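Numbering-wise, the sequence shown is residues -43 to -1, 1 to 539 according to mature numbering (1 follows the signal peptide of the UniProt record, and there is no 0).
Just so you know, even glycine gets a beta-carbon here, dropped at the ideal spot from N, CA and C.
Note that the structure is a prediction, hence the values are computed from the model and not measured.
Structure first, commentary second.
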Amino acid sequence: MLRPRHPLDCLFPTLPPTGLVMLEWRVSCLLLQAAVLLLLSKGERMCPASCRCEGKIVYCESGIYQDIPENITTGCQGLSMRYNNLLVLLPYQFAHLNQLIWLYLDHNAINAIDALAFHGVRRLKELILSSNKINHLHNNTFSAVPNLRNLDLSYNQLQYLQPGHFYGLRKLQNLHLRSNGLKQIFVRTFLECRSLEFLDLGYNRLRSLTRTTFLGLFKLKELHLEHNQFSRINFFIFPRLINLQALYLQWNRIRAISQGVPWTWNKLEKLDLSGNEIQMLDPAVFQCMPNLQMLNLESNKLSGVPVEAVAAWTSLTTISLAGNAWDCSPSICPLMAWLRTFRDSKDISMICSSPKSVQGERVVDVVKNHSTLQVVNRLTPSSVHPSWADRKTPESIAVSSTTPITPEAPTSFIPEPQFEHMAFHKIIAGSVALFLSVSLILLVIYVSWRHYPNTMRQLQQHSVNHKRRKKAHKQEQDLNSQLQEYYLSYHSNSETMDSLVNETRPCTCTISGSIECELHSFRHYLSYQPVLLLINDCSAAIKGSTTTQKERTREESQRGSCPLDFCMNLSSLLKMILSPLK
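Here you go:
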């Protein structure tokens, strides 16, 4: 009996049936392993839609994602989710990406981060969360990433920093907190950041710092505090920053700097104090900075520099002094003598602010023309500065080598009072206060009109009545000034009598006020009775009038008739003329 032919008989015709079965089983296992490896290799090469993958780096910056893609390869070491619409980071959001080394989440709309969001990514070394809307952080949020070296939280909405925010970040080297609106930093906030070398707190709203704010930052090399709201800086708030090399304090509101506790900044090389309101330099500050190389004092209110401070600038290689109100009196000579040996080109931008005779000129030109040094010869010995009289500094020797004055008799100069310019923020505050006051008044008027309409109408009616009474009173005054008393002076002559008796022509009389009354023909008054009627009419007009004399006068002037007083005078005249005719 023949056995059925096996598919592998053609390959192995001499093997017994049992050997063929074992061989078939081994081939099946190999095929299964190959399939599994193929699937795994395909899984590692998976790349989410709208993303760009370069080896183990994934770039998903298309702007369409509101959540982290799920099909990112598990071996991903770098993930960029910039310029998307991420809103919230959920717990264990990146736990499946345990090989991540750097993660970029900037320029999103993240406003909340769960305390467990970064659990599972212990290898993470760089985390960028800038340009979001983060306004709160839970304590221990970053404790799950102890290997973090660079953390960027700039351009968010954080207002307070607490010690628990950076707990466990002992390997952190760079921390960016720029432009957050920070108002307060609690004590020992950075105590866990023992390896921190760079700290950026610029462009915030900080007004004060405590002595324990930077406690523990022994390795800090660069500190940014520019564009805040400090009004006074005492260097004792930076204790034990033995490795600090650069300190940026520009564009605050600093009026004075001081050195509270004696401490030497051996490694400080750069100090930027530009854009402040400093009026006087404390020599003790610079005496504690023996290795200072770059100093920026532009745009302050300095009128001079003490000789002791100039003497402490032994290591400077770059200095900026422009934009100050320099007093070009003899007190500036030590500074200019030092600048002459310093040979820095930036001193040419120094402009004199006083005295008025040299106002607006360059300090270099004033000193070069000896206009400042000539003032010394005209000053009296009573103005000699006592601190300069007993010492000879290299600066005074340099000045004496170029001018006839002696270093034992330098003079002091009282600078002219400078008008303090109103700060821009004060103008803004005043404008806002004025606007709010006007708005409040308008609001009160509107509410009163809405809730008490009758009262508003009464006020309006009262105002209208007041205007009417005022107008009537003014019209009465004008009318009284215009009213005049009319007098008639009659002197008869031959022509007048001829006109009255023979009716040769009408008789007219001119009255002040340019009103002419025509006297009718004399024949109307030949009899005594009409004259009496005329007189009676005038009397009746006087006694029976119901209107006031002023209104009658106004009406008569409008009709063009004779005034009432003239009518009475005319009647009296007619009586006198006609009395002989009776």
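Excluding sequence positions up to five away, which residues of its chain have a Cβ less than 6 Å from the Cβ of residue i?
| i | result |
| --- | --- |
| H184 | G159, Y160, W208 |
| T170 | I142 |
| Y22 | N41 |
| Y61 | S37, R39, I85 |
| D284 | S260, G261, S311, P372 |
| F123 | E149, C150 |
| A241 | Q216 |
| V401 | none |
| L180 | L156, L204 |
| R9 | Y16 |
Contact check, residue i vs residue j under 8 Å by CB: the rounded distance?
| i | j | result |
| --- | --- | --- |
| K90 | Q116 | Not confirmed; about 13 Å, so no contact. |
| G125 | S100 | 4 Å |
| C17 | M38 | 5 Å |
| E234 | N257 | 7 Å |
| G35 | I14 | 4 Å |
| residue 544 | Q50 | Past the edges of the chain, shown from -43 to 539, lies residue 544, and the structure says nothing about it. |
| A69 | V45 | 5 Å |
| P103 | K82 | With 8 Å as the limit, P103 and K82 do not qualify as a contact, their Cβ atoms being about 10 Å apart. |
| A269 | F243 | 4 Å |
Note down the Cα distance separating residue i from residue j, rounded to an integer number of angstroms.
| i | j | result |
| --- | --- | --- |
| S231 | K178 | 20 Å |
| E265 | P291 | 10 Å |
| P196 | T221 | 11 Å |
| L249 | S306 | 22 Å |
| A386 | S396 | 15 Å |
| K176 | T167 | 19 Å |
| P219 | H93 | 38 Å |
| R426 | S420 | 10 Å |
| L391 | P410 | 28 Å |
| E255 | H382 | 20 Å |
| R135 | D157 | 6 Å |
| H133 | D322 | 45 Å |
| P120 | S111 | 18 Å |
| D435 | K428 | 11 Å |
| V(-17) | E27 | 36 Å |
| Q415 | L399 | 19 Å |
| G501 | Q417 | Only weak support exists for where G501 lies, its pLDDT of 48 falling under 50; the value from the coordinates is given anyway. Straight-line Cα distance between these residues: approximately 40 Å. |
| residue 593 | D63 | Coverage of the chain is limited to positions -43 through 539, which leaves residue 593 absent and any answer about it impossible. |
| M293 | P263 | 12 Å |
| I289 | K224 | 30 Å |
| I190 | L182 | 11 Å |
| K325 | I194 | 42 Å |
| S7 | V404 | 57 Å |
Whose C-beta lies closer than 8 Å to the C-beta of residue i among residues of the same chain, with five residues either side of it excluded?
| i | result |
| --- | --- |
| Q186 | R162, L163, R164, N209, R210 |
| K140 | Q116, Y117, N161, R162, L163, R164 |
| G173 | R145, F147, L148, E149, C150, R151 |
| D239 | A213, I214, S215, Q216, A266 |
| L273 | L249, Q250, M251, L252, F299 |
| Q56 | K13, T31, G32, C33, Q34, R80 |
| C245 | F192, Q216, P219, W220, T221, W222 |
| P374 | Note that P374 has pLDDT 41, beneath the 50 cutoff, so the model's placement of it is unreliable and the number below is only indicative. Same-chain partners within the cutoff: there are none. |
| L47 | D71, A74 |
| Q130 | R106, N107, S152, L153, E154, F155 |
| A282 | K258, L259, S260, S310, S311, Q375 |
| G317 | I308, C309 |
Kindly indicate which residue of the options has the alpha-carbon position closest to the one of residue i.
| i | options | result |
| --- | --- | --- |
| T146 | L182, K128, N96 | N96 |
| D229 | E433, G217, A279, L206 | L206 |
| L296 | A282, T271, G317 | T271 |
| G319 | K325, N326, P312, I308 | According to the sequence displayed, residue 319 carries Arg and not Gly. Of K325, N326, P312, I308, the residue nearest in Cα terms is I308. |
| A74 | A52, L198, L399 | A52 |
| S188 | I199, A203, Q236, P263 | Q236 |
| Q202 | P247, A282, N326 | P247 |
| E154 | L198, L416, S394, L436 | L198 |
| S87 | D435, N137, S277 | N137 |
| W59 | A268, I398, L105 | L105 |
| K65 | G20, Y403, V315 | Here residue 65 turns out to be Asn, not Lys, going by the sequence shown. The candidate whose alpha carbon is nearest that of N65 is G20. |
Give me, in chain order, the residues of the same chain whose beta-carbon lies closer than 7 Å to that of residue i; leave out the 5 immediate sequence neighbours on both sides.
| i | result |
| --- | --- |
| H430 | none |
Return the chain-ordered ranges of every alpha helix (DSSP H) run that is complete within the region 257 to 329 and spans a minimum of 4 residues. Qualifying alpha helix (DSSP H) stretches, in chain order: 264 to 269, 290 to 299, 320 to 325.
At 4 residues or longer, and completely inside the region 189 to 254: list those alpha helix (DSSP H) runs for me, N to C. With a minimum length of 4 residues, the continuous alpha helix (DSSP H) runs that stay inside the region 189 to 254 are 240 to 244.
Whole alpha helix (DSSP H) runs in the region 402 to 435 with 4 or more residues, listed along the chain? Listed in chain order, there is nothing to give.
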